[in-house]
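The block underneath contains the structure these notes are about, expressed in structure tokens.
In my numbering, the protein residues as written are 24 to 324.
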């Protein structure tokens with residue numbers, strides 16, 4: 024701006040000709056005339072740099088949408104831009120959601136990016152379930168155990184039950200509850216926990232025609248889906264709420280599983296809910312076995 028002002032003043036006061044000023048500042052005479060025109064119309068302010076493009080962005084994000092993104096991110100701090108966009112059907116691209124999160128200082132990496140790996144999933148529902156037991160403490164109760172089963176194909180949480188002990192009695196009880204909806208898996212993939220390698224549990228599985236597969240000790244590979252379920256359970260329920268009693272947690276767990284199955288969309292499922300896949304005939308194996316004809320009833324307590 025200083026050069027522009029000097030050039031205009033030198034020419035207007037007749038100190039130098041347009042040609043001399045052009046050579047002096049390495050500009051064209053046409054540029055000098057433009058500067059003079061801006062100076063005559065708007066004074067010294069007219070010589071300030073003009074930002075190219077429209078004064079206001081044509082595709083400016085609506086304030087209501089931006090505020091909704093901020094509110095959702097604050098409510099679900101562990102969720103990324105893609106999940107927020109698809110879970111709540113936000114009318115913008117997920118990259119726009121990410122930009123809003125980043126602009127407002129809400130972009131926090133909770134954990135390191137996982138290394139690229141080949142995803143494994145069965146093609147049919149009930150082809151294989153994954154089973155595991157997760158433990159934590161309730162201050163008024165002590166140590167409690169959550170035993171459950173997840174369908175490998177749909178990520179549908181078949182059943183979660185909470186116990187004060189981790190043994191064969193509890194694992195058999197949980198399996199029987201999981202089979203109450205009338206659907207029997209061909210296989211169940213488990214770790215080598217004492218509750219699963221117990222004779223009573225193996226006997227119950229054999230009675231139902233279920234083949235048990237046990238992973239290598241201290242190697243969670245292959246049970247990633249149910250391990251992920253328990254991480255989500257811990258992060259989005261247990262960490263956020265203080266439970267008064269065992270029954271209080273059981274009620275909260277039932278609600279959490281119901282929401283997980285019927286509301287929480289998953290990227291691995293093409294942003295569908297686990298229930299929409301688990302109860303979809305497209306993923307049924309025609310030769311699979313049922314305990315009874317009531318196969319479409321949703322998750323009971």
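A virtual CB, placed ideally from N, CA and C, is assigned to each residue, including glycine.
If you draw a straight line from the alpha carbon of residue i to that of residue j, how long is it in whole angstroms?
{"i": "residue 294", "j": "residue 288", "result": "5 Å"}
{"i": "residue 262", "j": "residue 71", "result": "55 Å"}
{"i": "residue 101", "j": "residue 230", "result": "42 Å"}
{"i": "residue 151", "j": "residue 234", "result": "9 Å"}
{"i": "residue 271", "j": "residue 208", "result": "30 Å"}
{"i": "residue 160", "j": "residue 175", "result": "28 Å"}
{"i": "residue 86", "j": "residue 123", "result": "11 Å"}
{"i": "residue 240", "j": "residue 297", "result": "29 Å"}
{"i": "residue 106", "j": "residue 290", "result": "7 Å"}
{"i": "residue 300", "j": "residue 307", "result": "10 Å"}
{"i": "residue 211", "j": "residue 225", "result": "11 Å"}
{"i": "residue 232", "j": "residue 91", "result": "50 Å"}
{"i": "residue 131", "j": "residue 27", "result": "46 Å"}
{"i": "residue 202", "j": "residue 82", "result": "53 Å"}
{"i": "residue 57", "j": "residue 66", "result": "13 Å"}
{"i": "residue 144", "j": "residue 126", "result": "37 Å"}
{"i": "residue 37", "j": "residue 48", "result": "16 Å"}
{"i": "residue 247", "j": "residue 173", "result": "10 Å"}
{"i": "residue 281", "j": "residue 252", "result": "13 Å"}
{"i": "residue 187", "j": "residue 149", "result": "28 Å"}
{"i": "residue 33", "j": "residue 63", "result": "14 Å"}
{"i": "residue 277", "j": "residue 286", "result": "14 Å"}
{"i": "residue 305", "j": "residue 110", "result": "23 Å"}
{"i": "residue 112", "j": "residue 303", "result": "22 Å"}
{"i": "residue 55", "j": "residue 88", "result": "46 Å"}
{"i": "residue 147", "j": "residue 182", "result": "18 Å"}
{"i": "residue 158", "j": "residue 177", "result": "24 Å"}
{"i": "residue 258", "j": "residue 273", "result": "17 Å"}
{"i": "residue 162", "j": "residue 216", "result": "25 Å"}
{"i": "residue 309", "j": "residue 254", "result": "33 Å"}
Go through its chain and collect everything with a Cβ distance to residue i's Cβ below 6 Å, but skip five positions before and after it.
{"i": "residue 52", "result": "41 and 45"}
{"i": "residue 189", "result": "156, 168 and 218"}
{"i": "residue 283", "result": "180"}
{"i": "residue 228", "result": "235"}
{"i": "residue 108", "result": "117 and 120"}
{"i": "residue 269", "result": "164"}
{"i": "residue 25", "result": "none"}
{"i": "residue 292", "result": "300"}
{"i": "residue 317", "result": "Confidence at residue 317 is low in this model, with a pLDDT of 43, below 50, so its placement is unreliable and the value that follows should be read with caution. Closer than 6 Å at the Cβ level, and outside the excluded window around residue 317, lie 205."}
{"i": "residue 221", "result": "191"}
{"i": "residue 323", "result": "Confidence in residue 323 is poor, its pLDDT being 38 and thus under 50, which makes the residue's placement too unreliable to answer from."}
Going by DSSP, which residues form a beta bridge with residue i?
{"i": "residue 158", "result": "168"}
{"i": "residue 182", "result": "172"}
{"i": "residue 212", "result": "153 and 236"}
{"i": "residue 110", "result": "Partner(s): none; residue 110 has no beta bridge."}
{"i": "residue 289", "result": "295"}
Please work out which residues of its chain come closer than 8 Å, Cβ to Cβ, to residue i, disregarding the five sequence neighbours upstream and downstream, and give them in chain order.
{"i": "residue 23", "result": "No answer is possible for residue 23: the residues shown for the chain start at 24 and end at 324."}
{"i": "residue 129", "result": "93, 96, 97 and 100"}
{"i": "residue 118", "result": "104"}
{"i": "residue 275", "result": "260, 264 and 266"}
{"i": "residue 50", "result": "30 and 44"}
{"i": "residue 84", "result": "115, 119 and 123"}
{"i": "residue 61", "result": "69 and 70"}
{"i": "residue 39", "result": "33 and 47"}
Rounded to whole angstroms, how far is the Cβ of residue i from the Cβ of residue j, which I believe are closer than 8 Å?
{"i": "residue 279", "j": "residue 256", "result": "7 Å"}
{"i": "residue 249", "j": "residue 154", "result": "7 Å"}
{"i": "residue 68", "j": "residue 35", "result": "Not a contact, Cβ separation roughly 17 Å."}
{"i": "residue 191", "j": "residue 214", "result": "Between residue 214 and residue 191 the Cβ distance is about 15 Å, and since that is not below 8 Å, they are no contact."}
Run the proximity test for residue i: is its beta-carbon closer than 7 Å to any non-hydrogen atom belonging to the ligand FMN?
{"i": "residue 54", "result": "In terms of ligand content, the structure shown is empty, and the ligand FMN therefore cannot be addressed."}
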